[in-house]
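Data first, discussion second: the structure below is written as structure tokens.
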């Protein structure tokens, strides 16, 4: 009934006297890959933090699948179907790769207080964990501590965890930050594969990533959405060129 | 192969523990009881610190509450209550759990230093309360009760208390080991590693931390219950800062990152206090030195050092004990001897008794006897020998003296080369 998986209506955020975001309206459709771009200080991170529950909006409505999620605590948000990754890698350093991903999958299957691994659900959990590990090409690293992985592999673990919670809407905060071209290409391919059939919202600086991965793009300038459209539309929009892309070289 | 060795070691240890009353005297059994109680307390503390990453500096509160609750239950049994004596530690555990649930709910709202401060505040609160409320806590004298036999089981001898304590210690060990390896234990370690991530994976971190706190308090309370059974008394001294400090000390010395670390630490410091207190007035100072040296040179504790050494041998990276280790050990012994000489000399000539002796000898400084050797405190020799031994021994132990030794140790990994990364767990 509601095709908009994630809906923002008149969302505003003020820090003290500083108005960072004013009246953001945004409709994220089921299954699309939506990128948020904008110059530094446009409010991308704040918007991301509002959607992911780090702050509550000053005013306005944020709804996930028709229910308001504004101001929910992180674990409640996650259980409502929203998963997020972090710009600075948030993996469990001294746990193994497998344990990292297992934690995400366990929670999805409701095994948050288990003292034993008894019952058929644990076979499912193990299977799902293995599937994610294999999907991320981390099978050979599964027994290593996350801290001992290469940076790009840690990013892959991070994304596996976000996907592993079974979230229907996935927020990625600069998934390719700090990566080489080669690594970026891999991770984009990986994100595309892992988020198949899910809704994806990401903040990203790298225009190549945005234009190859996103179905739609919203450009944020000075706390407002300037325009939302397909990558082609955004690329050719004169207002965007002026406000953000500058001479088009990036 | 190594697994077989471990199992064999475990069996030998178990057999020795079971057979201890047959060949150990009363003093040995008492020491063993004290060690086991300290070990259970430290294991409970380490559930919170090592696993959840929450440093509580007020754990004496839960230990003491467990002791008092158990004493009151022993009293009730004495008056004809039907509670089985062997299950008494559960009373301490229950009291610790309930108190820990409330205290933990408040304390775990914060993490790190703030969490630690709240735990200290709660412990101080309880300590102040215990001092004021004589009716419940018995004031200076404390309260007493007695062990009652249960069915065919006699609990009057120290040996029977030993076995009861041993059984409960093993139960706690197994339960905590199981908890650590359980899915829930994984969530707890996840909180230690990155709480925010855990919350975004759908876990209610505050609730998990509250429960872990309560479980940790329950194990501490159980240790307190064992103390009540062993001593048949409880007093407000239990709530003092020393209890909270000792459990931290035990865990640090033994190693928080190793499951049996707190047990190793408890065994060492309890034995140290037991034997050291009869050898020297200054044993707490030496314990402090051991603590500081451990933190500086084996931050993973003795358990961590053993584990690292074992891994090194397993990986074929070095021998179990190399020549460098022997030199280091010799250096450490030498440094310790020098330190003991200096401390005992200083401590003795500063003591009231010694001043009185000087007065009675009309100003003549009598020789100071340390381990049956007489030293003249007014000559420079004892001080010089002590200093040289301390400095030379330290240099040797730290490896600084190695280059001046012949090529004997060339190419050997030094004692500092095998440290694990901080917090590496077993």
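Protein chains in written order, with our numbering: chain S, 148 to 397; chain P, 21 to 446.
Beta carbons: idealized from backbone N, C-alpha and C, even for Gly.
What is the residue span of the alpha helix (DSSP H) that residue i lies within?
{"i": "residue 178(P)", "result": "178–201"}
{"i": "residue 415(S)", "result": "The structure shown does not extend to residue 415(S), since chain S is modelled only from 148 to 397, so the question has no answer here."}
{"i": "residue 32(P)", "result": "22–43"}
{"i": "residue 380(P)", "result": "372–380"}
{"i": "residue 358(S)", "result": "354–360"}
Could you name the residues of chain S that residue i contacts, counting a contact when the two beta carbons are closer than 7 Å?
{"i": "residue 224(P)", "result": "222"}
{"i": "residue 203(P)", "result": "253, 258, 261 and 264"}
{"i": "residue 154(P)", "result": "Ordered by position in chain S, no residue passes the 7 Å Cβ test against residue 154(P), which lies about 41 Å from the chain."}
{"i": "residue 219(P)", "result": "221 and 222"}
{"i": "residue 213(P)", "result": "239, 240, 241 and 242"}
{"i": "residue 448(P)", "result": "With chain P running from 21 to 446 in the structure shown, residue 448(P) is simply not present."}
I want to verify the contact list: residues of chain P whose CB lies under 9 Å from the CB of residue i, in sequence order.
{"i": "residue 192(S)", "result": "By Cβ distance, chain P contributes nothing, its closest Cβ being about 15 Å from residue 192(S), past 9 Å."}
{"i": "residue 337(S)", "result": "None at all; the shortest Cβ gap to chain P is about 19 Å."}
{"i": "residue 341(S)", "result": "By Cβ distance, chain P contributes nothing, its closest Cβ being about 16 Å from residue 341(S), past 9 Å."}
{"i": "residue 404(S)", "result": "What the structure shows of chain S is the stretch from 148 to 397, and residue 404(S) is not part of that stretch, so it cannot be assessed."}
{"i": "residue 180(S)", "result": "Going along chain P, no residue has its Cβ under 9 Å from residue 180(S), so there is no contact; the nearest lies around 20 Å."}
{"i": "residue 231(S)", "result": "220"}
Of the choices the options, whose alpha-carbon is the least far from that of residue i?
{"i": "residue 239(P)", "options": "117(P), 300(P), 360(P) and 135(P)", "result": "117(P)"}
{"i": "residue 373(S)", "options": "166(S), 153(S), 173(S) and 165(S)", "result": "173(S)"}
{"i": "residue 157(S)", "options": "380(S), 370(S) and 386(S)", "result": "370(S)"}
{"i": "residue 281(S)", "options": "266(S), 244(S) and 360(S)", "result": "244(S)"}
{"i": "residue 233(P)", "options": "247(P), 246(P), 211(P) and 248(P)", "result": "211(P)"}
{"i": "residue 251(S)", "options": "263(S), 267(S) and 228(S)", "result": "228(S)"}
{"i": "residue 56(P)", "options": "418(P), 280(P) and 381(P)", "result": "280(P)"}
{"i": "residue 355(P)", "options": "66(P), 243(P), 407(P) and 40(P)", "result": "407(P)"}
{"i": "residue 388(P)", "options": "178(P), 220(P), 398(P) and 379(P)", "result": "398(P)"}
{"i": "residue 225(S)", "options": "223(P), 378(P), 228(P) and 386(P)", "result": "223(P)"}
{"i": "residue 198(S)", "options": "177(S), 188(S) and 221(S)", "result": "221(S)"}
{"i": "residue 353(P)", "options": "403(P), 413(P) and 392(P)", "result": "413(P)"}
{"i": "residue 396(P)", "options": "369(P), 141(P), 83(P) and 314(P)", "result": "369(P)"}
{"i": "residue 318(S)", "options": "309(S), 270(S) and 287(S)", "result": "309(S)"}
{"i": "residue 64(P)", "options": "228(P), 193(P), 164(P) and 48(P)", "result": "193(P)"}
{"i": "residue 59(P)", "options": "375(P), 384(P) and 266(P)", "result": "266(P)"}
{"i": "residue 128(P)", "options": "77(P), 181(P), 165(P) and 225(P)", "result": "225(P)"}
{"i": "residue 180(P)", "options": "217(P), 141(P), 106(P) and 202(P)", "result": "106(P)"}
{"i": "residue 356(S)", "options": "375(S), 367(S), 211(S) and 330(S)", "result": "330(S)"}
{"i": "residue 323(S)", "options": "286(S), 315(S), 262(S) and 299(S)", "result": "299(S)"}
{"i": "residue 73(P)", "options": "132(P), 52(P) and 99(P)", "result": "132(P)"}
{"i": "residue 452(P)", "options": "165(P), 171(P) and 298(P)", "result": "In this structure chain P extends from 21 to 446, so residue 452(P) is not present and cannot be described."}
{"i": "residue 398(S)", "options": "314(S), 248(S) and 387(S)", "result": "With chain S represented from 148 up to 397, any question about residue 398(S) goes unanswered, as that position is not in the structure."}
{"i": "residue 268(S)", "options": "278(S), 257(S), 339(S) and 262(S)", "result": "257(S)"}
Mind checking which residues open and close the beta strand (DSSP E) that includes residue i?
{"i": "residue 194(S)", "result": "No beta strand (DSSP E) contains residue 194(S), which is instead part of the alpha helix (DSSP H) from 191–198."}
{"i": "residue 388(P)", "result": "388–390"}
{"i": "residue 181(S)", "result": "180–184"}
{"i": "residue 176(S)", "result": "165–176"}
{"i": "residue 206(S)", "result": "206–211"}
{"i": "residue 320(S)", "result": "316–320"}
{"i": "residue 314(P)", "result": "Unbroken run through residue 314(P) is the alpha helix (DSSP H), 303–317; no beta strand (DSSP E)."}
{"i": "residue 372(S)", "result": "371–376"}
{"i": "residue 367(S)", "result": "363–368"}
{"i": "residue 346(S)", "result": "346–350"}
{"i": "residue 340(P)", "result": "Unbroken run through residue 340(P): none, as it is neither H nor E."}
{"i": "residue 231(S)", "result": "229–231"}
{"i": "residue 394(P)", "result": "393–395"}
Please compile the residues from chain S whose C-beta is within a distance smaller than 8 Å of the C-beta of residue i.
{"i": "residue 206(P)", "result": "242, 246, 249, 250 and 253"}
Which residues in chain S have a C-beta closer than 9 Å to the C-beta of residue i? List them in chain order.
{"i": "residue 210(P)", "result": "239, 242, 246, 247 and 250"}
{"i": "residue 184(P)", "result": "Residues of chain S passing the Cβ test: none, with the nearest at roughly 26 Å."}
Find the residues of chain P that neighbour residue i, judging by a C-beta separation of less than 7 Å, and give them in chain order.
{"i": "residue 308(S)", "result": "221"}
So which residues on chain P does residue i lean against when the C-beta distance must stay under 8 Å?
{"i": "residue 345(S)", "result": "Within 8 Å Cβ-Cβ: nothing; residue 345(S) doesn't reach chain P, min ~16 Å."}
Identify the contact partners of residue i in chain B, using a Cβ-Cβ distance below 8 Å as the criterion.
{"i": "residue 226(S)", "result": "In the structure shown, chain B does not exist; the protein chains are S and P."}
* Asked: Within the chosen definition, does the stretch 304–321 of chain S reach the stretch 237–257 of chain S through at least 3 CB pairs nearer than 8 Å?
  -> With the cut-off at 8 Å, the stretch 304–321 of chain S and the stretch 237–257 of chain S touch.
* Report yes or no: do three or more beta-carbon pairs, one from the stretch 196–216 of chain S and one from the stretch 158–175 of chain S, lie closer than 8 Å? => Yes: at least three Cβ pairs fall under 8 Å.
* Taking only runs of the alpha helix (DSSP H) that begin and end inside the stretch 52–131 of chain P, which ones reach a length of at least 4 residues, in chain order? -> As summarised for the stretch 52–131 of chain P, the continuous alpha helix (DSSP H) elements at least 4 residues long and confined to that stretch are 80–98 and 108–127, given in chain order.
* Asked: Is the number of C-beta pairs between the stretch 254–263 of chain P and the stretch 147–166 of chain P that are closer than 8 Å three or more?
  -> Of all C-beta pairs linking the stretch 254–263 of chain P to the stretch 147–166 of chain P, three or more are shorter than 8 Å, placing the two stretches in contact.
* Would you say the stretch 313–321 of chain P touches the stretch 258–277 of chain P, given that touching needs at least three Cβ pairs under 8 Å? -> Short answer: they touch.
* Only counting runs of 4 or more residues, tell me where the alpha helix (DSSP H) segments fall wholly within the stretch 265–293 of chain S, in order along the chain. => Secondary structure remark: continuous alpha helix (DSSP H) runs of at least 4 residues inside the stretch 265–293 of chain S, in chain order: 267–282.
* **Complete alpha helix (DSSP H) runs within the stretch 235–290 of chain P (minimum length 4 residues, chain order)** => Fully enclosed alpha helix (DSSP H) runs of 4 or longer: 261–274.
* To do: Say whether the stretch 213–230 of chain S touches the stretch 199–215 of chain P, bearing in mind that this needs 3 or more beta-carbon pairs closer than 8 Å, one atom from each stretch.
  => Result no; under three Cβ-Cβ pairs closer than 8 Å.
* Given 8 Å, three or more beta-carbon pairs between the stretch 111–125 of chain P and the stretch 79–90 of chain P -> With three or more CB-CB distances shorter than 8 Å, the stretch 111–125 of chain P counts as touching the stretch 79–90 of chain P.
* Asked: Any chance the stretch 358–370 of chain P sits against the stretch 288–306 of chain P, with 3 or more Cβ pairs inside 8 Å?
  -> The answer is yes - the stretch 288–306 of chain P touches the stretch 358–370 of chain P, with three or more Cβ pairs under 8 Å.
* Asked: Does the stretch 356–367 of chain S touch the stretch 177–184 of chain S, meaning 3 or more C-beta pairs lie closer than 8 Å?
  -> With a cut-off of 8 Å, the stretch 356–367 of chain S and the stretch 177–184 of chain S count as touching, because enough Cβ pairs lie within range.
* Asked: Is the number of C-beta pairs between the stretch 237–251 of chain P and the stretch 283–303 of chain P that are closer than 8 Å three or more?
  -> Counting Cβ pairs under 8 Å, fewer than three are found: no touch.
* Contact the stretch 71–79 of chain P vs the stretch 132–149 of chain P: 3+ CB pairs below 8 Å -> Counting Cβ pairs under 8 Å, three or more are found: they touch.
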